[in-house]
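Input: a single structure, listed below in C-alpha cells.
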Amino acid sequence: MKRKFALSLLLLMLLSLALPLCAHAASGGSLGYVTDSAGLLTDEQRAELEDMAAGISEKYRCGVYIVTTQDYTEFGRGSIESCAEEIYDRYLIGFGETGDGILFLVSMADRDYDLDAHGSFGNYAFSSRNRDLLVDAFAPCFRGNDWYNGFRAYLVTAEQLLVPAVEGYPAYLEQLRERQAGQQKLLSGAKGVGSVLIGLLTAGGVCGGMKRRMKTAVEKDDADDYMTPTSPHMKIVQDHFINRTRTVQVVQQENRDSGGHSGGGFSGHSHTSGKF
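Structural data, given as C-alpha cells:
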C-alpha cells in the first residue's frame with residue numbers, strides 16, 4: 002500500500018512539473034526566454050537567467066531560449082529534435098521575418114539535450130561549429146548537475162558568438178548575393194550556348210537532308226517546268242507572338258517580430274543534440 006502511495010505521489014509531482022509547458026502549448030500563448038518545467042532552477046535563478054537571456058536576445062535581435070522538461074516524449078514527439086522544432090514553431094519565437102534564434106531544450110529522463118538554431122541569421126550565428134562551442138561551455142557543469150552555471154555558461158557563450166556574427170553578417174549577405182548572381186549568370190550563359198548548339202545541329206541536319214535530295218535533281222530551263230499536276234500550292238502563314246503570361250505564386254510567411262535581421266541563407270532548423 003505504501004509503495005502504491007509513493008508511486009502515485011511521484012507521478013503527481015512529475016505531472017505538476019510538466020504542467021507549465023503543457024499549459025503554454027494548449028493556450029498557444031507566448032513563451033518566455035527561460036521555461037523550467039523540469040524544476041532545475043530556483044525562482045531567483047530562473048528570473049536572473051530570464052533577464053540575462055532577454056537582454057542578449059533584444060540587443061542582437063536574435064532569440065536565445067532555454068526550455069527544460071522532465072521527458073520530451075510526453076509531448077508525443079519521436080525525437081528531441083522534432084520536439085524542439087514544434088516548440089519553436091508553435092510559439093513563433095525568434096526575431097525578424099525568419100525567426101532568428103536558438104532554442105536549448107533539456108530533457109531529464111535520459112539526460113538528452115538539443116540545440117535548435119533557426120532563421121537566416123540564427124543559422125549563421127549558431128553554425129554547427131558554433132553550436133559545438135555552446136556544448137563545450139555547458140557540458141562540464143551539466144555533468145556535475147550544476148544546472149544554473151551550465152545555463153549561464155550557455156548564455157555567456159551565445160553572446161560571445163553573436164558579437165562577431167552581427168558584424169560579419171552584412172558582408173556574408175553581400176558575398177551570398179554575389180555568389181547567387183554569378184551562378185545565375187553562369188546558368189544563363191550555359192542555356193544560351195546550349196540553344197546555339199541545338200540550333201546549329203538542327204540547321205545542319207536540315208541542310209544535309211536537302212543536299213542529299215538535290216543530288217537526283219535534273220536541271221530545267223524554266224521555273225514552271227518544275228511544277229507538276231500534283232505539286233502543292235504554297236500559302237504563306239505568319240504567326241505573331243503578342244504576349245506572355247507568367248503566373249507567380251506568393252508564399253506567405255508566418256507573422257513574426259518585424260525587428261531583426263533580414264537576408265538570404267538557410268532559414269530552417271539545424272540541430273546539435275546528444276546526452277550530458
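In this note's numbering, the protein residues as written are 2 to 277. Note that beta-carbon positions come from the ideal geometry of N, C-alpha and C, so glycine has one too.
In terms of residue numbering, what span does the beta strand (DSSP E) encompassing residue 105 cover? 102-108
Compute the distance between the beta-carbons of residue 78 and residue 84, then report whether it is under 8 Å. A contact, by the Cβ cut-off of 8 Å.
Check whether the Cβ atoms of residue 271 and residue 81 lie closer than 8 Å to each other. no
Straight-line gap, residue 45 to residue 52 (C-alpha atoms, nearest Å): 11 Å
Flag this pair as touching only if the stretch 65-74 and the stretch 103-121 have three or more C-beta atom pairs under 8 Å; answer yes or no. yes
First through last residue of the beta strand (DSSP E) which encompasses residue 116: 113-119
Does the stretch 161-180 come close enough to the stretch 143-150 that 3 or more CB-CB pairs lie under 8 Å? Output reads no: the stretch 161-180 does not touch the stretch 143-150.
Determine the contact status of residue 119 and residue 100, defining contact as a CB-CB distance below 8 Å. yes
At least three beta-carbon pairs within less than 8 Å, the stretch 151-161 to the stretch 175-183: no
Measure the Cβ-Cβ separation of residue 65 and residue 103 and say whether it is below 8 Å. Taking 8 Å as the Cβ cut-off, residue 65 and residue 103 qualify as a contacting pair.
In its own chain, which residues sit with a C-beta less than 8 Å from the C-beta of residue 134, not counting the 5 before and 5 after it? 158, 162
Short of 8 Å in beta carbon distance, which residues of its chain neighbour residue 54, apart from the five on each side in sequence? Order them along the chain. 34, 35, 65, 66, 67, 156
Which same chain residues, not among the five before or five after residue 148, have their C-beta less than 7 Å away from its C-beta? 41, 42
Backbone secondary structure at residue 143 - three-state DSSP: helix
Figure out for me which residue from 47, 132, 105, 160 has the closest Cα to the Cα of residue 61. 160
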